[in-house]
Every structure is written in structure tokens, then in C-alpha cells.
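S.K.:
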Amino acid sequence: MPRSNREEQPELPLFESTKPDTVSRVFLGWENPALTSLVEYLSRNWNGEGVLDLTDALVVVPTRNAGRRLREALAIFAAKNEAAVFPPLVVTPDFLVSPDRLPLSAGKVASPRATELIWTGLLLDLNLHSYRRIFPVDPVRRDYKWASDNARELLSVRKLLTDSTLTFEEAASILARHDMEPIRWEELAQLEILAVEKTTSLGWEDESRAKLNAVEKGVLPDEVNELYVAGLSDMSPLAKRALDHYSKSLPVEILVFAPDQEKTSFDTSGRPLPKDWLDRDVLISDPESTIHQAATPLGQAEEAWSIMSSHDDPSGTVALGIPDPEVAPAIEQNLANRGMGSYDPAGKAVYREGLCYLLRLTQDAITKESFSSLLQLLRCPGFAESVLRSNSSKGVTPTQLRRDLDDMAIASLPFSLNDALASAKRTAQGKAHTISAIEWMISWISQFKKRDFTEVLTDYLSEIFAETFFSPHDPKRDIFTIVAGVIHSFPEDFRIAAESSNYKFDLNSRFEILHSALRDSRTYPEREPGDIDLQGWLELMWEDAPHLIITGMNDHVVPESIVSHAFLPDSARRVLGVQHNDDRFARDAFLLTVMLETRRTESTRTDLIFGRQSSSGDPLRPSRLLFQCQDSELPSRTLHLFRDNELDRSPVARSIAWKLSPRVIDQDHRIFQKLSVTAFKQYLTCPFRFYLKQGLRMESVEIDKREMDSLDFGNLIHDTLERFAKTPSLSQSRDSSEIADFFLEELDRYLTQRFGKRLATPIVIQRESARQRLRWWAEQEAEQRLQGWEIFESETDLSDDDHPFEILGMPVRGRIDRIEKHPELGLRVLDFKTFSPMEYNRIKTVDRYHLATLKRNETPEMFPDWALCQDKKGKGLRWIDLQVPLYHIALQERYPDTPVSAGYVTLGKTEAEIRVDVWNSLDEELLASARACAEGVIDSIRNRIFWPPNEQMPAWDEFRDILSPTAEDTVDHSNLSCP
1 MPRSNREEQP ELPLFESTKP DTVSRVFLGW ENPALTSLVE YLSRNWNGEG
51 VLDLTDALVV VPTRNAGRRL REALAIFAAK NEAAVFPPLV VTPDFLVSPD
101 RLPLSAGKVA SPRATELIWT GLLLDLNLHS YRRIFPVDPV RRDYKWASDN
151 ARELLSVRKL LTDSTLTFEE AASILARHDM EPIRWEELAQ LEILAVEKTT
201 SLGWEDESRA KLNAVEKGVL PDEVNELYVA GLSDMSPLAK RALDHYSKSL
251 PVEILVFAPD QEKTSFDTSG RPLPKDWLDR DVLISDPEST IHQAATPLGQ
301 AEEAWSIMSS HDDPSGTVAL GIPDPEVAPA IEQNLANRGM GSYDPAGKAV
351 YREGLCYLLR LTQDAITKES FSSLLQLLRC PGFAESVLRS NSSKGVTPTQ
401 LRRDLDDMAI ASLPFSLNDA LASAKRTAQG KAHTISAIEW MISWISQFKK
451 RDFTEVLTDY LSEIFAETFF SPHDPKRDIF TIVAGVIHSF PEDFRIAAES
501 SNYKFDLNSR FEILHSALRD SRTYPEREPG DIDLQGWLEL MWEDAPHLII
551 TGMNDHVVPE SIVSHAFLPD SARRVLGVQH NDDRFARDAF LLTVMLETRR
601 TESTRTDLIF GRQSSSGDPL RPSRLLFQCQ DSELPSRTLH LFRDNELDRS
651 PVARSIAWKL SPRVIDQDHR IFQKLSVTAF KQYLTCPFRF YLKQGLRMES
701 VEIDKREMDS LDFGNLIHDT LERFAKTPSL SQSRDSSEIA DFFLEELDRY
751 LTQRFGKRLA TPIVIQRESA RQRLRWWAEQ EAEQRLQGWE IFESETDLSD
801 DDHPFEILGM PVRGRIDRIE KHPELGLRVL DFKTFSPMEY NRIKTVDRYH
851 LATLKRNETP EMFPDWALCQ DKKGKGLRWI DLQVPLYHIA LQERYPDTPV
901 SAGYVTLGKT EAEIRVDVWN SLDEELLASA RACAEGVIDS IRNRIFWPPN
951 EQMPAWDEFR DILSPTAEDT VDHSNLSCP
């Protein structure tokens, strides 16, 4: 057993108590791990025979997991002697100050949940004009969520004050003497008075006041005869007052994991004194090999694995510390990739689980009647199946239902469910199962509006998860149990909320009450054999693994520090006696020292890892604790910590758990049989993205868009122009007013057919833009007729049975917007574009959309010969699009005796951008080069050359999300040939 030393009690002041307090400090040393020392001390009077009976002891530890570890360690210790253990009552400090300690004769105390509901109701009714120092401006939406969020923030401040034995009123008085926002704190004090009065009027005692009362009058369970406080290095003044109270009736021992000679560096509560720890050296063994750095959280995970993989059985030897929560996902994923499990003793937040996400989407769908919410709900497990099951949609799969509704969303842009239902019944996208799905959701909206909230929500979830079953140890079972409990408690929560406020509670408020109840709920999955423990900073002192690896050793994480706070900045905390940055520094310096000192033997080790960048690329500093060394060591330590090694200088967008492996397409795939004229541009832009889009048929789907995208807008214009061209009575008109009237009429017809009579505001704005552009074009359309150009064909196939168009035997497909005919100039191919042709305040002509000059960082050797050509001056160019040249070639072949020209019609945003842009310099030499380029693309496709990719794609690249940071990083291209 390690040597311990019980302090002699000082002489008590006269008249302070009729019985001497029995609080003493015991220093357990750090020769052994803290957990081992504590077990040995608690069992010091046991001779190893019979049961180890500790039922008369109460042990206070810092965290829930520390209690679990202690109970396990006691059981193992007793088992070594082939004995059982009756464990002590192991609790956290909240147990000592809980209102539950008050005698049964005390009044009913408001629960934390009830307190939050009361404060929320208070804020809903509050006259904000009288509290302008707290609420300087009115909220945009003063709804239940706003009140709930603000109530939680105010209550968190109140808890800090209560832990320091203060009320808002007492804090206001202290801060006023220091001229620290006195008016604001007066408002907070008045708010607290109103809340306490409201609580009292509802028949409860205020929770905070009850805590302050409990530390003076609390009663411990009858069986407790000894009270131990173990490793509580940041005991609150409230807990200290409770100990002082309980020490009058039973002995209290403060157990400190430090040697006896360190007793002057701790206060009487076992807290490390800042004056002794702020400048104290933290002795790190062999810092050159035990302090590591990594660029990003992913890098820290890789570094941790590199260190721990030296052990044959890491799960039995290594423990991981994760003070920075940002590093945890990377480490969990890193271990999972290697087939190893991990265990987080802090549990998992229920609010982040899929079931709560489903409830959030349901709230949007029910309260906003949002169609996009339905689309997202259909992606939740079980939801689409329940929709199909309820409507008896035979033969329809969930994937088909989602795809059909997505198609309708893209085509019709419905905002509400009623808009979607009207669209489904009006357009070709509407099918029986899509109509039924929308009607199913609308029927639930009706039920939520008419029936009891708890009952209808229970029925709703029951229908969705009717065929969902869980094994006894499935973690999801616990999540459903917690959510079910919250729903069951909802009527009582709603009663309290309604009695606390005059607010009119709608369906949205009811959902918010539900969400606020789930916000702090957590599940605690069982630890599986072989799991690696992932522990937070305060848990690590209780870890007895011989090899400890601590990640996230960065400033503001370790030591924890408050940089800013809306109500309690560090300066105010010092005045009020609330835990401040120096206290945290002293605590964390002590904790790190314990971890290091208990691992000084040859068979033990502590490794420390800090990051240089956050996941978002923000720079990070090493922990100040890593610089707590002798002055003579500081230069070399600093050089080591800031060494310029091969760290990545650019932020990594995200961790890549595995590489994408595109499937190989069959030889009979359509891209080997025929190509569209626009596919050449896609291949020239990026062969790999061509493979994804044309070979694998991948495309991004923007199901929540609220306006027409560029393709939709283009289709709107093209449909109008096509109908004009195919109306003989108008297509040859020279009257611009007549043409414009037809354009506007057809425009409205198209929009009504697609989006319905009630157009959303963004669509109305786009309609006006289209109208203006078509009015301007109507004048030019009439002018073309005056110049002798007549519409010859419209929306005609580039290649058909009568006029096939092939290159190297590959059929090339496409639709030509318009072919015009002139009695003297021959034929003219026009492709209508709705983009703006302006670039750097200059008109960008049609040739520059097809040919690009080589950039400074590009050389001809970087491109295949067939992709290159020269202009008349011998300047190097490369093909980036072949559309207009291929139209020209196809028309020449179809009409060999007729002159042909080709170009764009640009319908831009301004009148100057409405123009006919013919490519007059498109001569035989350029046409031959374009054909050679097309042949090169076809050969490359046939030879399956789809790599390397273009890594310089613009920000709007639709594959950006899946190919980030680069395609090379994210794709296994072993199945894709390289030239």
C-alpha cells in the first residue's frame, strides 16, 4: 500500500461549532496509478478474508465514468482474493448539493426540466424593453425556440453562480462595486426574482435556492458513516460548503493523488493552488520522443495509431485521451478502418441520433407543410417503406418512390405539399404512388392539427417503425426507449409550459418542447471486449493503462480556458470567486503531472500529441503546459514544438475513410455505341467526370432548389422559341410586337403548365427576366427576317436515318436549335444560349467558347496532339468544346452544295448581350482540326482512357463534394486506363 499521511486537524475557532469538524486531507502519492492507490486505501482495513464490505462509505468522484472504473477496480481487487465486494455508494459532487438531500418535510423542489420550462415561459412573456442590457434588440422571431435557447444560456450562468454559492442578486451587488456592467446585472437579478416568484406560484421551491439550502441542511443516507472525496481537483465552493456541513456529523477525508511533500500546493479542499502551479515545471520524460505533432485531426489519429500499433494487444495496454472533441471522430474512424472498436465513456448524445433528425424533419413537414422535408424524410430508414406499406403500393420500391418524387421536385419546384400534390396530378411526373405518398403526409398533418399531440406522435412513429426490431443489446434500442420516455412525459412538460406563460402554443412550439427535453439526453452503450477507451481530459487521471496516449494537447483545450463569455468573462469570474482561467490552468497542470508521474517506470509511457490545424484549417498552438520546463530546456523544447517538418500546410476538407472505386462499365455500354455532341466537351473538360456522368450516369440532384437553374431557364426559352419557329403564321413575321406578344403568351403557358398558376417569388422574378430578354430578341428576330434569313428547321436531329452523322463509325447525336436559310448566303446553324457572353467587360465570342489559349502553367506536352491547334498567327490553342464545329460539319455533309455558317444566339441579361454571333473564321483548317479532335476523343473512349482527371475544376463542379480535396486522393483509379 502506498504511504499516505492524514493531516492533523487544526484547533477550531471558538464558538464556531459545538462539535469539531472532521475534514482531513490524505495524500496517496503517485507511485501507483490513482485508481490503484484509491482501491488500496479504501480496502486498507480488510484482511482479505470474507466480503470486502464498503457499504458504509460514500465516495465522491469527479465523473460518472470514474465511479464506474472504481466499482470495477474494487470487484477485480476482491476477486484476486477470491472474495466478493459490497461496493460503497459512489457519486459525483452533484449528489452532495442536490435538493434530494433535503429532509422529506421540505417542500417540493422544481426539477431542472421544470426550471427550464418556467424560465422559457418567463422570457416569452417578458417586456423586452425593460431588459435592454440583456436583450439589446428584439429577436427576428420571438418564438418558443428563441426563448428556450436563451433560457438555457441564462440558467447555465446561474448554475455557475450557484456553484459559487451566489444568486444573481448577490453577484450584481459584488460586480456593481467593481463597476462591471451594474445595470445589466440588475436586470439579471430582477429576472431571477420573477422566475423564483413564478416557480413559487406553481407550488415549487426554486431549484437553485433549494441547492443553497441543501448544503446547509442536507441529510445523507443512514448507512453512510464515512465520506471520501477522491481526486476532485476542482471542487466548487457549493460542494465545499456541503462537505463542511456533513463533516459535523461524520468524518470526511479529502483524498489527493499526490505525495505528502506536495501538501502545501493544495488548499484544504484538495484543489491545486494557482500560485504554486502556474509556474511549476511539468516533467515530461524524453520530450523529443514523447511529444508529437500532426497537421490535422486526421493526422493526429494517424499518429496515435502509429504509436499504439507497436503493441501486440493495444486494447489491453493502451488508453487514448481526447481532450479535444474535434479529434474524436477521426480517431473512431481510424480505429474502425483497422477493425478495432472504441468506447467513449461520455456516451452519445441522443439529440444527434437519426431518430431525433427524423423528428426535426417531421416538425418541418407538419408545421411548414414543406415538400422538401418530405423528400428528406423519405431518406430516413423505414420511412419510405412505411409510406408504401400504408398505401399498398405493390411493386414500387423505396428507391423508385424517392427517385420519382425527386424528379417531380426538380421539374415543378413545388414548395408546399399542396403545391406538390397539384403538380403530381397536373404533370407527367405524377404517378399513383407519388400522389399517394404526398396524400399520406397531408393526412398526418391533418391529424396533428386535430388530435392530441402525444397520441398522434406515438401513432405516427409506431407506423413508421412498425417493422423495426431490435436485439436486446442494440444501442438503438436505448435511443428509442429515451425518446419514448420523453414523449410519455410531454403532457406534464406541456402543462408546466402552459402554466408558465400566456404564449399561444402552436404545433411548432410543441415540437420545440419535445426537442428541448431531448437536448441533454445521452445513451451509454456497453463496452465491448477489445474496445479502445476514448476518454476526455477529466477521465484520464483514473486510467491505469500502462501506455497513455493523449491527443489534442493544444492551448485553450489543455489547459481549458475561457476566451470570451457573454455574461461571465474571466475578469468577472475572478471578482465573483467563480472558477477562472488560473484555476483551470492549475487543475490541468496537476492532472497532467499525475498522469506523467504515475508512468515513470520502464514498462509505462505517456505520449502527447498536439495539432497544428483544426479541421477547418485554423492554426492551433501547442498547449502551454508543454512549455512548463526549466529555462535551460525551453529553447530546445520550443524548437522541437515548432519544428518545420513535412506538415501539410493546407487544410484538409475532411477525413477520407476509403477510396471510391468506380465500377467498370460493360463493352456494350452506350458510350461505346454513340455520343452526344455535348459529350465531347465533357470529355475534354475532364475524362474522369465524363466517365462518372456518361458512363455511370451520376449526377447531382438539388431537391430543395427554389428557383429554375440555368438548365431549367434555358429550357423555358428554348420551348418558347421552338413553338415560335413551328408556328408558320408567325415564324416569318417581320413585326417585332407581334413576335413579342407570342413569346410572352407561350412563356406564361409553359410556366403555368410546369409550376401551376401560383408561381413562387423566385420564379416570378425569373419570368420577368425571360420576358425582357424575349422582348429584346423579338426585335432582332424581326430584323433577321428583314435581312432575308428564314427559319428552315427547328429542333432538328443532328443525325437521323436519312442523314446519319458518324465519326470513325461512332454515331454522333444532338438536336440543332435552329437552321436558317438565306437565298444568297446559304444555311446558318444557330444554337441559342441564355448565358451572359461578357467576360472582363468584353464580349466573349463563339470561338472563345470552343478554343482556349494555353495558360502560363500549361505546355503542349500536357495535352494529346489531337486536342491542339493554332490560330492564324501561329498561337497555340486547345479545343475545349466541339459543338458548333460538329454542327457545321454535319450540315455540310447533309447539304454539300450549300454554303454553311454556324454560331450562337446569346440571350444575356442586358440588351447589348442579345446578339447573333456567327463564327466567321471557322474555316476548313479549323473544321479539320475539330474533326481530328473528335476522332481523338472517340479513340480514347474506346480505349477506356478516363484518367487522369482535371484537378482545376471550378467551384460549381457538381462532383466537388465527392472528389474533395482531389480526385487523386479520393478515387482508386486502377480500373481506369491512363494515356
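The sequence shown: position 103 = 103 (the numbering used here), numbered continuously. Glycine is no exception: its CB is placed at the ideal position from the N, C-alpha and C atoms.
Mark Ser974 as exposed unless 16 or more other C-beta atoms lie within 10 angstroms of its C-beta, in which case mark it buried.
M.R.: Burial call: exposed.
S.K.: Tell me the start and end of each unbroken beta strand (DSSP E) in the region 885-961 that is at least 3 residues and wholly inside, in chain order.
M.R.: For the region 885-961, whole beta strand (DSSP E) runs of length 3 or above, ordered along the chain, are 900-907 and 914-918.
S.K.: Looking at Arg689 and Pro954, is the spacing between their C-beta atoms short of 9 Å?
M.R.: Taking 9 Å as the Cβ cut-off, Pro954 and Arg689 do not qualify as a contacting pair.
S.K.: Can you tell me which of the three DSSP states His292 falls into?
M.R.: If DSSP states are grouped into helix, strand and coil, His292 belongs with the strands.
S.K.: Rounding to the nearest angstrom, what Cα-Cα distance links Asp404 and Leu375 in this structure?
M.R.: Straight-line Cα distance between these residues: approximately 10 Å.
S.K.: How would you write the range of the alpha helix (DSSP H) that Trp776 sits in, first residue to last?
M.R.: Per DSSP, Trp776 belongs to the alpha helix (DSSP H) from Thr761 to Leu786.
S.K.: How would you call Tyr840, buried or exposed, if buried means at least 16 neighbouring beta carbons within 10 angstroms?
M.R.: That one is exposed.
S.K.: So for Leu122, helix, strand or coil by DSSP?
M.R.: Note: Leu122 maps to helix in three-state DSSP.
S.K.: Thr970 to Ile284, Cα distance in whole Å?
M.R.: Each residue's alpha carbon lies about 39 Å from the other.
S.K.: Taking only beta-carbon atoms, is Glu779 less than 9 Å away from chain D?
M.R.: Among the protein chains of the structure shown there is no chain D, as only one such chain exists.
S.K.: Report yes or no: do three or more beta-carbon pairs, one from the region 515-527 and one from the region 350-369, lie closer than 8 Å?
M.R.: Yes, they touch.
S.K.: For Val396, which residues in the same chain have their Cβ closer than 8 Å to its Cβ, ignoring the five residues on either side in sequence?
M.R.: Here the set comprises Leu388 and His433.
S.K.: Start and end of the alpha helix (DSSP H) containing Thr685?
M.R.: Segment Ala679 to Thr685, the alpha helix (DSSP H) holding Thr685.
S.K.: Only counting the same chain, and skipping five residues up and downstream in sequence, which positions put a Cβ closer than 6 Å to that of Val664?
M.R.: Here the set comprises Asn975.
S.K.: Decide if Ser658 is buried, meaning its Cβ has at least 16 other Cβ atoms within 10 Å, or exposed.
M.R.: Ser is not the amino acid found at residue 658; the sequence shown has Trp there. Trp658 comes out exposed.
S.K.: Under a three-way DSSP split, which group does Val318 fall into?
M.R.: If DSSP states are grouped into helix, strand and coil, Val318 belongs with the strands.
S.K.: For Leu421, which residues of its own chain have a beta-carbon under 6 Å away from its beta-carbon, when the five flanking residues on both sides are left out?
M.R.: Excluding sequence neighbours, Leu421 sits near Ile438.
S.K.: Can you tell me which of Ala411, Leu461, Val327 and Ser423 puts its alpha carbon nearest to the alpha carbon of Pro381?
M.R.: Among Ala411, Leu461, Val327 and Ser423, the Cα nearest to that of Pro381 is on Leu461.
S.K.: Whole angstroms is fine: what's the gap from Thr36's alpha carbon to Ile183's?
M.R.: So the two alpha carbons sit approximately 52 Å from each other.
S.K.: Report all residues from its chain with a CB closer than 8 Å to the CB of Phe383; omit the five preceding and five following residues, and keep chain order.
M.R.: Correct list, in chain order: Leu358, Leu377 and Ile464.
S.K.: Output the distance between the C-alpha atoms of Met810 and Asp668, rounded to the nearest integer angstrom.
M.R.: Taking the straight line joining both Cα atoms gives about 13 Å.
S.K.: With distances taken between CB atoms, is the gap from Tyr246 to Pro88 smaller than 9 Å?
M.R.: It is not a contact, given that the beta carbons lie outside the stated cut-off.
S.K.: Mapping the DSSP letters down to three states, classify Pro251 as helix, strand or coil.
M.R.: In this structure, Pro251 counts as coil in the three-state DSSP scheme.
S.K.: Could you spell out the range, first to last residue, of the alpha helix (DSSP H) harbouring Lys217?
M.R.: Counting along the chain, the alpha helix (DSSP H) containing Lys217 begins and ends at Glu207 to Lys217.
S.K.: Output the residue ranges of the beta strand (DSSP E) runs that lie fully inside the region 45-114 and measure 3 residues or longer, sorted by chain position.
M.R.: Those beta strand (DSSP E) runs which fall completely within the region 45-114 and span 3+ residues are 57-60 and 89-91.
S.K.: Using the Cα positions of Leu188 and Tyr131, report the straight-line distance between them to the nearest angstrom.
M.R.: Cα to Cα, Leu188 sits roughly 8 Å from Tyr131.
S.K.: Is Gln753 near the ligand ZN, with its Cβ less than 8 Å from a heavy atom?
M.R.: Ligands are entirely absent from the displayed structure, and the ligand ZN is therefore not among its contents.
S.K.: Near Leu625, what residues of its chain come up, given a Cβ to Cβ distance below 7 Å and the 5 sequence neighbours on each side ignored?
M.R.: These residues qualify, in order along the chain: Val282, Val558, Pro559, Asp588, Ala589 and Leu592.
S.K.: Rounded to whole angstroms, what's the CA-CA distance from Ala84 to Arg605? Just pull it up for me.
M.R.: The alpha-carbon atoms of Ala84 and Arg605 are separated by roughly 32 Å.
S.K.: In the DSSP assignment, what residue or residues form a beta bridge with Arg878?
M.R.: Looking at the DSSP assignment, Arg878 forms a beta bridge with Ala852 and Leu868.
S.K.: Note the first and the last residue of the continuous beta strand (DSSP E) segment covering Tyr228.
M.R.: Per DSSP, Tyr228 belongs to the beta strand (DSSP E) from Glu226 to Ala230.
S.K.: Between the alpha carbons of His580 and Glu528, how many angstroms are there, rounded?
M.R.: If you take the alpha carbons of His580 and Glu528, they lie about 38 Å apart.
S.K.: Below 9 Å between beta carbons: does that hold for Cys686 and Val483?
M.R.: No. Outside cutoff.
S.K.: At the level of alpha carbons, what is the spacing between Glu197 and Ser392?
M.R.: Computed Cα separation, rounded: 56 Å.
S.K.: Arg771 and Phe742: beta carbons closer than 9 Å?
M.R.: Contact: no.
S.K.: With 16 other CB atoms within 10 Å as the buried threshold, where does Ile550 fall?
M.R.: Result: buried.
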